[in-house]
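Working notes, structure below.
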Amino acid sequence: MPFWRIHHPVGAYTDQDKEDFAKAITARYAAEMPAFYCDVFFYEVEERNAFRGGEANGNFVRLQVEHIARAIEGKVMQEFIMDMLTETIRPWLDGRGHLWEISIGEMPAELWRVDGFTPPPFRSPAEKRWMEENKPSAYDWTEMVGLNADGQIAGLVDPRG
Amino acid sequence: MPFWRIHHPVGAYTDQDKEDFAKAITARYAAEMPAFYCDVFFYEVEERNAFRGGEANGNFVRLQVEHIARAIEGKVMQEFIMDMLTETIRPWLDGRGHLWEISIGEMPAELWRVDGFTPPPFRSPAEKRWMEENKPSAYDWTEMVGLNADGQIAGLVDPRG
Amino acid sequence: MPFWRIHHPVGAYTDQDKEDFAKAITARYAAEMPAFYCDVFFYEVEERNAFRGGEANGNFVRLQVEHIARAIEGKVMQEFIMDMLTETIRPWLDGRGHLWEISIGEMPAELWRVDGFTPPPFRSPAEKRWMEENKPSAYDWTEMVGLNADGQIAGLVDPRG
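Residue numbers (this note's numbering), protein chains in the order written: chain A, 1 to 161; chain B, 1001 to 1161; chain C, 2001 to 2161.
Structure below.
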């Protein structure tokens, strides 16, 4: 779900840097959802193709993020999460003297599929199993009861009572 | 309007594959709107730049889609359309052993232009003409009456009664 | 904040063209916000990777824009801004015989950071200072009072009365 796309100057990161950077981002999400939901892609952009304020810039990293599985509710959580992510990624950004900018868009979870599967509800048994197995697989209604963002039980009810 | 961007491993698709894949996607939309609304772009991403779950992955296809002209209303339609699209694209994805993920964002139709023209209303005479001619062109108010998503007539009314 | 990504055919623009194009876009925003909020990135896409209406197209420019700092309120403003932007960018698009399409998505300002800083409120003293200095820097609550989109004062109030 989180899809991070990191547009960076030519040569800014070695392959090892990229792996470290991607792992640091992924670890933040993997505490809360299947690790394989987190995609991090790197794109090298030449200085002549990257303008900031109308000037070609060879030192600017632009991070573009899509959140899908979870929407962040309320100002307090938004600030908390942006602060947490900022501290996580800083070592590869201003920590190395780069200018940078990040923006996160929130996409509807209903318009999302992973390996052809509809991802199971938030904190449902199926999501927990996906998290443990770190890959998607089929699940049925008995694994679909989950929690709303406000912590209330949601999902299918066993008709046998 | 639908803008499909397919981030794929190096060498995953031949030019013929890409054409077939793009045509299969486009055909789904062209039943309902001008074919030229549908853009499909391919981007080759090296394994060292594509991380899933924190691991570089040379077998992962990430599809990122923007819907503009139409928002999908309601859970039932969302599932129907995601299922239809999933079956359409599968042959090029898990049908070939790739891991994959798709997410669709919905953009405001009001902030969209094609070849400089404001696209006409949903199912208006102008849209029908664009569909038949498969290219945009100027239209006036007499071609602008269309239908809302719920099937009711919307748009300009001939002041002559 | 506005992040313009311009996917263009190979060789469509020289480096000078790109600079002129980026500066023309940036000037539109810089009248209203810090110039460095405006990012313009160019991506060369080969004909075999760019399909419009299911056909590979070597003459198609696709512009994908993210607005973050400001949402455009109401039909009238949306049309005004789309018209203004269309006239601004035309010389590099149909003015050169290219087919083109633009779509703008609106992202939540709360999920946005620049060089690690939370951008200050709309038309606040801090934003004005960022605009004058053309770079971000720390600010405190005394610089945070700003205006809502409807022109009313918003933000922190000096507790000393």
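In this text, a Cβ means the ideal position worked out from N, Cα and C, and glycines have one as well.
- chain B contact for MET2082(C) (CB, 9 Å cutoff): The residue you call residue 2082(C) lines up with position 82 of the third sequence. Yes - at least one Cβ of chain B is within 9 Å of the one on MET2082(C).
- Message: Is the separation between the beta-carbon of ARG2052(C) and that of ILE2102(C) shorter than 9 Å?
- Response: Taking the third sequence and counting its residues from 1, the one referred to as residue 2052(C) is at position 52. Taking the third sequence and counting its residues from 1, the one referred to as residue 2102(C) is at position 102. Cβ atoms of ARG2052(C) and ILE2102(C): not closer than 9 Å.
- Closer than 7 Å at the beta carbon, the chain A residues around LEU2063(C): The residue labelled residue 2063(C) in the question sits at position 63 within the third sequence. Going along chain A, no residue has its Cβ under 7 Å from LEU2063(C), so there is no contact; the nearest lies around 14 Å.
- Item | Nearest residue (CA-CA) to GLU2019(C), options MET2082(C), LYS2075(C), TRP2092(C) and PRO2119(C) | For the purposes of this step, residue 2019(C) is taken as the residue at position 19 of the third sequence. Checking every option, the nearest Cα to that of GLU2019(C) belongs to TRP2092(C).
- What is the C-beta distance between PHE42(A) and LEU99(A), in whole angstroms, given that I count them as a contact (C-beta under 8 Å)? Counting from one through the first sequence, the residue named residue 42(A) turns up at place 42. Counting from one through the first sequence, the residue named residue 99(A) turns up at place 99. Contact between PHE42(A) and LEU99(A) is absent: CB atoms are separated by about 17 Å, not below the 8 Å threshold.
- List in chain order: all unbroken alpha helix (DSSP H) runs of 4+ residues lying wholly within the region 1020 to 1049 of chain B. none
- Where do the ends of the beta strand (DSSP E) carrying GLY2105(C) lie? The residue you call residue 2105(C) lines up with position 105 of the third sequence. Under the DSSP assignment, GLY2105(C) falls in the beta strand (DSSP E) whose first and last residues are 2099 to 2106.
- Item | Distance, PHE1117(B) Cα to ALA2050(C) Cα | For the purposes of this step, residue 2050(C) is taken as the residue at position 50 of the third sequence. For the purposes of this step, residue 1117(B) is taken as the residue at position 117 of the second sequence. Pairing ALA2050(C) with PHE1117(B), the inter-Cα distance amounts to about 21 Å.
- Message: Restricting to runs no shorter than 4 residues, where is the alpha helix (DSSP H) found entirely within the region 53 to 96 of chain A?
- Response: 74 to 89
- Using the beta-carbon count (16 or more within 10 Å), is ASP2039(C) buried or exposed? As a first step, residue 2039(C) must be located in the third sequence, where it is residue number 39. By the neighbour-count rule (16 or more Cβ atoms within 10 Å), ASP2039(C) is buried.
- Query: Roughly how many angstroms lie between the CA atoms of MET1(A) and GLU133(A), to the nearest whole one?
  - Reply: Locating residue 1(A) in the first sequence gives position 1, counting from the first residue. Locating residue 133(A) in the first sequence gives position 133, counting from the first residue. Roughly 17 Å separates the two Cα atoms.
- Message: Given this structure, state the Cα-to-Cα distance separating PRO1119(B) from MET2082(C), to the nearest angstrom.
- Response: Locating residue 1119(B) in the second sequence gives position 119, where the first residue counts as 1. Locating residue 2082(C) in the third sequence gives position 82, where the first residue counts as 1. Rounded to whole angstroms, PRO1119(B) to MET2082(C) spans 12 Å at the Cα level.
- Query: Nearest-angstrom Cα distance between SER137(A) and ALA56(A)?
  - Reply: Taking the first residue of the first sequence as position 1, residue 137(A) is located at position 137. Taking the first residue of the first sequence as position 1, residue 56(A) is located at position 56. Going by the C-alpha atoms only, they are around 46 Å apart.
- Apart from the five residues just before and just after LEU85(A), which ones in its own chain have a Cβ nearer than 6 Å to its Cβ? As a position in the first sequence, residue 85(A) is number 85, starting the count at 1. Excluding positions up to five away in sequence, the list is empty.
- Item | As assigned by DSSP and simplified to three states, the class of PRO2009(C) | For the purposes of this step, residue 2009(C) is taken as the residue at position 9 of the third sequence. The answer is strand: DSSP assigns PRO2009(C) an E or B state.
- Message: I'd like to check one pair, GLU66(A) with GLU21(A): are the Cβ atoms closer than 9 Å?
- Response: Here residue 21(A) corresponds to residue number 21 of the first sequence, with the count starting at 1. Here residue 66(A) corresponds to residue number 66 of the first sequence, with the count starting at 1. One detail in the question is off: residue 21(A) reads as Phe in this sequence, not Glu. No; because the gap between Cβ atoms is not below 9 Å, this pair is not in contact.
- N-terminal and C-terminal residue of the alpha helix (DSSP H) that ARG113(A) is part of: As a first step, residue 113(A) must be located in the first sequence, where it is residue number 113. Run containing ARG113(A): none in the alpha helix (DSSP H); it sits in the beta strand (DSSP E), 112 to 114.
- Below 6 Å CB to CB, which residues in the same chain sit around ILE1072(B) once its five sequence neighbours on both sides are set aside? Here residue 1072(B) refers to the residue found at position 72 of the second sequence. Closer than 6 Å at Cβ, skipping near neighbours: GLN1078 and ILE1081.
- Message: For the ligand SAH, I want to know if TYR2139(C) counts as a neighbour, meaning its beta carbon is within less than 8 Å of at least one of the ligand's heavy atoms.
- Response: The ligand content of the structure shown is nil, which means the ligand SAH is not present either.
- Message: Quick check: PRO2108(C) and GLY105(A), are their CB atoms within less than 9 Å of each other?
- Response: Locating residue 2108(C) in the third sequence gives position 108, counting from the first residue. Locating residue 105(A) in the first sequence gives position 105, counting from the first residue. Yes, these two residues count as a Cβ contact at 9 Å.
- Verify the CB distance criterion: does GLU1019(B) have a CB-CB separation below 9 Å to chain C? Walking along the second sequence from the start, residue 1019(B) turns up at place 19. Yes, GLU1019(B) lies at the interface with chain C (some Cβ there is under 9 Å from its Cβ).
- Can you tell me whether TRP2141(C) is buried or exposed, with buried defined as 16 or more other CB within 10 angstroms of its CB? Residue mapping note: residue 2141(C) aligns to position 141 of the third sequence, counting from 1. By the neighbour-count rule (16 or more Cβ atoms within 10 Å), TRP2141(C) is not buried but exposed.
- Note down, in chain order, each residue of its chain lying with its Cβ closer than 6 Å to the Cβ of ILE1006(B), except the 5 sequence neighbours on either side. Reading the second sequence from its first residue, position 6 is the one you call residue 1006(B). Cβ neighbours of ILE1006(B) beyond the five flanking positions: PHE1042 and LEU1063.
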